[in-house]
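Each remark here refers to the structure printed beneath this line.
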Amino acid sequence: MVHSADFIQESLPDGGNILRFSGNLAIATIGDLDSRLHALSDSVMQIDLGDVTHIDTVGAWLIYRTAKQSGAQIVNAHMDAARLIEAVSGVDQTESIAPVRRSTLAHFLGEIGEGVVVAFTTLLHFLGFVGQVVKASAILILHPGRFRWHSVVQHFDMVGVRALGIIGLMSFLIGIVIAQQGAVQLRQFGAEVFTINLVGRLTFRELGILMTAIMVAGRSGSAFAAQIGTMKITEEIDAMRTIGVVPAEALVVPRVIAAVIMMPLLGIYASLMAIIGGGLLCWIILEIPPATFVIRLREVTPMTDFWIGMIKAPVFGAIIAMAGCFQGMQVEGNSEQVGLKTTAAVVQAIFLVIVLDAFFAVFFSEIGWD
Amino acid sequence: MAGDDIISVQGLCNSFGDQIIHKDLDLDVRQGEILGVVGGSGTGKSVLMRSIIGLQEPTAGDIHVFGEAMIGKEEDEATDVRRRWGVLFQGGALFSTLTVAENVQVPLREFYPDFSTDLLEEIARYKIHLSGLPPEAAHKYPSELSGGMRKRAGLARALAMDPELLFLDEPTAGLDPIGAANFDNLTRNLKETLGLTVFLITHDLDTLYAICDRVAVLADHKVIAIGPIEDLLATDHPWIKEYFSGPRGRAARRGHAKRVDK
């Protein structure tokens, strides 16, 4: 059986100490040798390897390091040991391989500075990217033969059709929540009947579209970023460029068009599902029959609410698709970047959608569509 | 089973669906040799390596590494054997979010969590040195390295645990001839200094002539010939003849003869 590595310290007759190593000086058996050697305080003149049964490069490194630090002489090293010590001896000791660490304050200030720079360069790149997409779209309008119908239809399926289930369920539940909360609050004034106003106007004007946009950003915006980001890492985008295919035309425009067309359709669908949910709750809790609900809904919900939703939806769709594709294109280097950029795509898309939604709300009120 | 065989494969069968890769394949790797494995594309060189290192469950057959049966071994039992070998994958397979030094430290941290950070760094530093990388490569990320440097970094990680057995999957593929020759020398030197046994998959005829002690030829789902390259030249299997006596084979042989003369 192999013996684990050990050493004993003896005094030499002419002053100084000798370290006598024994056992198996290998990675699996060195145990606490490293810390014990570090703890040595006496001057070491000689290192005796006569009793070492086996040695590997980790053992050789420890011997070499000790010898070098103390200036000791290595004696009785057999061939294997001498060869391995020779092999590890050429390493440059002076340069640290650990990355340079800055002080906390410098690090903090540095982070802020980097953040600001990144924010501005990202904005600049995003504008450049939007320009590219507009240019690619213009070229496609002039040369409709180059338009990738196939890809657009595929993304219709991915962005729209496959989202129907989850968006429908989500909207249905939101309709129920709005009606239920509205009914509880309005009952205090004996104005339960206004629950219908609440459901009708809120879903068409705001929530139907907004919730759909958030769901599409989470489902499709992230998928766009991850797909394109992975294609960047595997050099597929570079390959496209060399073949003469413009990535903005082949990858970005079809996705943006799919999102722009699908968002209003999903928005209508989501609003209808929310109305159904709200109507169902009104029927059960407030005992308003569906026929009355529909008649009342048509009286209180102006057509402008519908148009407001339909104007917002394609804009949101474009923002989500562009943010996803843009972040995907920003991926460089390694797989961690794909994750980071995918997250960034979703966060950016949802943030921009909500900012724009606030802008639209004020705008439409100002022009009298309220 | 002979006592000095590091790897012993017997009756190995591998198939994917209807496609048979290996049928009754036998192979022995001896202590302290560099065994080159050659074969046309699709003859299952990589599948053979993956079977031996346990990434691919064979359909049938026995595999012994260091005298221990590898088939049907539990994951935690296999770990004891795994720490005795190192693997260099074709593309390096470095962890892309870690620096080269951190990549080398991964297996060490995994198996020896008690090692101090300083010692881990020292070990990483000399392994990187042994693999022929400059010290400043240590804190670079894999994406910042050239193809050749990435292979060397992968080799440094494969050597991290001081393995007795090294698997190299096409180490010189994609390297320029100078880089490939340097890598061959490095492999040979490391084998001699560290006393390694090397299982080397290659397409590079120069590598076969320069550093391999024996060469195994994969064709027709099995090892059709194994032995020193001179013996293989004497066999009359059509594929072996074409492989070693084609224009590239002849050129590599001439180059080797010249080097030997010098």
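Listed in order, the protein sequences are those of chains R and S.
Each residue of the first sequence is one higher than the one before, counting from 26 in the numbering used here.
Each residue of the second sequence is one higher than the one before, counting from 872 in the numbering used here.
Cβ atoms here follow ideal geometry from the backbone N, Cα and C, with glycine treated the same way.
- With a CB to CB cut of under 7 Å and the five nearest residues on each side skipped, what residues in its chain are close to R/L271? Residue identity differs from the one stated: residue 271 of chain R is Val in this sequence, not Leu. Cβ neighbours of R/V271 beyond the five flanking positions: A161.
- Message: For R/T368, would you say it is in contact with chain S, using Cβ-to-Cβ distances shorter than 8 Å as the test?
- Response: Answer no: the Cβ-Cβ gap between R/T368 and chain S never drops below 8 Å.
- Message: Counting only beta-carbon separations shorter than 8 Å, does R/W86 have a partner in chain S?
- Response: yes
- Query: If you drop the 5 nearest sequence neighbours on each side, which residues of the same chain put their C-beta closer than 8 Å to that of S/Q927?
  - Reply: N885, V918 and R921
- Close-in-space but distant-in-sequence residues of the same chain around R/L198 (CB under 7 Å, 5 per side omitted): G302
- Message: Assess contact between the region 354 to 370 of chain R and the region 212 to 223 of chain R, defined as three or more Cβ pairs (one per stretch) separated by less than 8 Å. Is contact present?
- Response: no
- Task: Establish whether the CB of R/I52 and some CB of chain S are separated by less than 8 Å.
- Result: yes
- Looking at C-alpha atoms only, which residue of R/H180, R/V202, R/F388 and R/W332 is the closest neighbour of R/V241? Minimum Cα distance to R/V241 is reached at R/H180.
- Query: Would you say R/L381 and R/I344 are within 8 Å of each other, going by their C-beta atoms?
  - Reply: yes
- Item | Endpoints, beta strand (DSSP E) assigned at S/N885 | D876 to F887
- Query: In this structure, does DSSP put S/R1124 in helix, strand or coil?
  - Reply: helix
- Which residues bound the beta strand (DSSP E) around R/E35? D31 to S36
- Would you identify the three-state DSSP class for R/F172, choosing helix, strand or coil? coil
- Task: State the CB to CB distance for the pair R/G349 and R/G246, rounded to an integer number of angstroms; the pair is presumed to be in contact (CB under 8 Å).
- Result: 4 Å
- Item | Length of the line joining the Cα atoms of S/G1066 and S/A1044 | 24 Å
- Task: Would you mind working out which of S/G962, S/E945, S/I1072 and S/G932 sits nearest S/I905, comparing C-alpha positions?
- Result: S/I1072
- So, does the CB of R/L44 fall closer than 8 Å to a CB anywhere in chain S? Not closer than 8 Å to any Cβ of chain S, the Cβ of R/L44 fails to qualify, so no.
- Task: Give the straight-line distance between the Cα atoms of R/T82 and S/T1078, rounded to the nearest whole angstrom.
- Result: Straight-line Cα distance between these residues: approximately 26 Å.
- R/R187 versus R/R244: straight-line alpha-carbon distance, rounded: Approximately 10 Å between the Cα atoms of the pair.
- Message: Which residue wins for smallest C-alpha separation from R/Q157, given the options R/E111, R/A273 and R/L148?
- Response: Ranking R/E111, R/A273 and R/L148 by Cα distance to R/Q157 puts R/A273 first.
- Task: Consult DSSP for R/V271 and reduce its assignment to one of helix, strand or coil.
- Result: DSSP places R/V271 in coil when its eight states are reduced to three.
- Task: Assuming S/Q902 contacts S/D933 (C-beta within less than 8 Å), just tell me the rounded distance between them.
- Result: Wrong, their Cβ atoms sit about 19 Å apart, outside the cutoff.
- R/R266 bridges to which residues according to DSSP? Partner(s): none; R/R266 has no beta bridge.
- From the DSSP output, in three-state form, read off R/M26 for me. Residue placement at R/M26 is poorly supported in this model, since its pLDDT is 46, which falls under 50; the coordinates still yield a value, given next. Correct three-state label for R/M26: coil.
- Neighbourhood of S/L1030 by C-beta, 6 Å cutoff - its chain only, sequence neighbours within 5 removed: G957 and K998
- Query: Are the C-beta atoms of S/I877 and some chain R residue less than 8 Å apart?
  - Reply: no
- Environment of S/H1000 [buried if 16+ CB atoms lie within 10 Å]: buried
- Under 7 Å Cβ to Cβ from S/A964, same chain only, skipping five residues before and after it: list those, please. G1025
- Query: Going along chain B, which residues have a C-beta under 8 Å from R/N359?
  - Reply: The structure shown contains no chain B; the protein chains it does contain are R and S.
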